[in-house]
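Comments concern the structure below.
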Amino acid sequence: PLTSSSPNVSRGQVHMAQWLQSSAPLSAMAVFAAYASVSYSVLRRINTEVQAPYMDEVFHVPQAQHYCQGQFGVWDPKLTTPPGLYIISMVPAYLFRMLNPADSSRWCSPEFLRSTNWMLSLLLFWTIYGLIRQLRPGLSTMAATATTLSLSLLPVSFFLHHMYYTDTASLLLVLLSYSFSLSHCHIAAGIAGFLSLWLRQTNVVWIVFVGISAALRQIQSRSRIVQPGDSLLGSIAQLCKWVARLDGDVAGILLLLTPYAAVALCFMAFVH
């Protein structure tokens with residue numbers, strides 16, 4: 019870092035460097051504001067050009083509208099996803115309906131439902147940013163922001179942020195589960211993982227991955243049983259020997275895995 023005692027460095031340069039460091043989070047906010055503005059423009063253009071439900075929206079939009087009307091017993095048998103997205107959409111719909119009951123018909127229109135998904139995409143932006151800071155703590159704010167922007171603009175997911183699909187909310191909850199896991203908040207990670215199953219059942223694969231990753235990080239931090247030069251088979255053998263000891267560390271790992279195992283059990287109960 020620059021200091022006033024450094025050779026060939028003026029006091030003005032020191033103040034400039036300190037100002038840049040302190041304003042780094044503002045650069046992330048500026049990039050986010052630009053991203054949100056462009057994304058909102060895309061949303062408005064889609065709502066103008068494609069006013070009727072498009073592609074799989076022909077299934078999701080009517081089902082969400084049934085939920086908005088309190089018709090929870092109505093279900094389209096062609097739908098293969100749980101009702102999590104429709105439940106999420108009900109929350110702002112009911113709030114706006116209470117504020118303006120005279121115009122209640124618009125609160126579950128395709129335009130409104132797409133906007134709820136768009137708002138979730140804004141949360142997803144910051145979730146990705148937080149994950150990058152967790153995984154790469156030495157990365158500068160600008161580099162982390164640029165990486166976040168690049169990932170947020172991934173064409174496949176960016177397009178679906180402006181439609182009424184399950185992808186955005188599903189990805190948000192899975193990444194939140196991973197973020198909580200990295201922060202050692204395993205109960206919160208399990209809750210986020212459980213909620214993600216209400217968007218897509220296949221998320222159970224990712225939640226199991228998050229749980230196993232957490233267990234391996236914990237094992238490695240405590241016992242260092244795997245060395246950088248070990249082969250895959252050698253690492254697996256060392257891990258099996260460690261598990262076979264059944265000592266206190268193993269019990270702690272099993273306790274850590276409990277929230278993730280509970281999610282997997284809920285999935286199996288739902289399937290059967």
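The sequence shown begins at 19 in the numbering used here and counts up by one.
Cβ atoms here follow ideal geometry from the backbone N, Cα and C, with glycine treated the same way.
Meets three-Cβ-pair contact criterion under 8 Å: the stretch 103-116 and the stretch 142-161: Result no; under three Cβ-Cβ pairs closer than 8 Å.
Local Cβ density within 10 Å of V92, reported as buried at 16 or more and exposed below that: Counting of Cβ neighbours within 10 angstroms places V92 among the exposed residues, the total staying below 16.
Nearest to Y147 (by Cα), restricted to the options P128, S127, I105 and L193: L193
Bounding residues of the alpha helix (DSSP H) (the contiguous stretch that carries A48): A42 to E67
Closest residue to F143 among V281, Y53, P95 and A255 (Cα-Cα distance): Y53
Distance, W125 Cα to E75 Cα: If I take the Cα positions, the gap works out to 16 Å.
Reduced DSSP category for R154 - H, G, I as helix; E, B as strand; rest coil: Looking at R154 - three-state DSSP - the assignment turns out to be coil, as it is neither helix nor strand.
Residue from A48, L61, I237 and M181 with nearest C-alpha to L272: Among A48, L61, I237 and M181, the Cα nearest to that of L272 belongs to I237.
CB-CB length for N294 against S188, believed under 8 Å: No statement about residue 294 is possible, as the shown extent of the chain runs from 19 to 290 and does not include it.
Extent of the continuous alpha helix (DSSP H) run through F90: Unbroken run through F90: none, as it is neither H nor E.
Three-state secondary structure assigned by DSSP to Y196: helix
Spatial distance of L234 from L44 (CA atoms): 36 Å
Residue burial classification, T66 (beta-carbon count within 10 angstroms, cutoff 16): exposed
Contacting residues, own chain, Cβ-Cβ under 6 Å from V289 (five flanking each side not counted): Taking V289 as the centre and dropping the five residues before and after it, the same chain places no C-beta closer than 6 Å to its C-beta.
Coil, strand or helix - Y85 by DSSP: Note: Y85 maps to helix in three-state DSSP.
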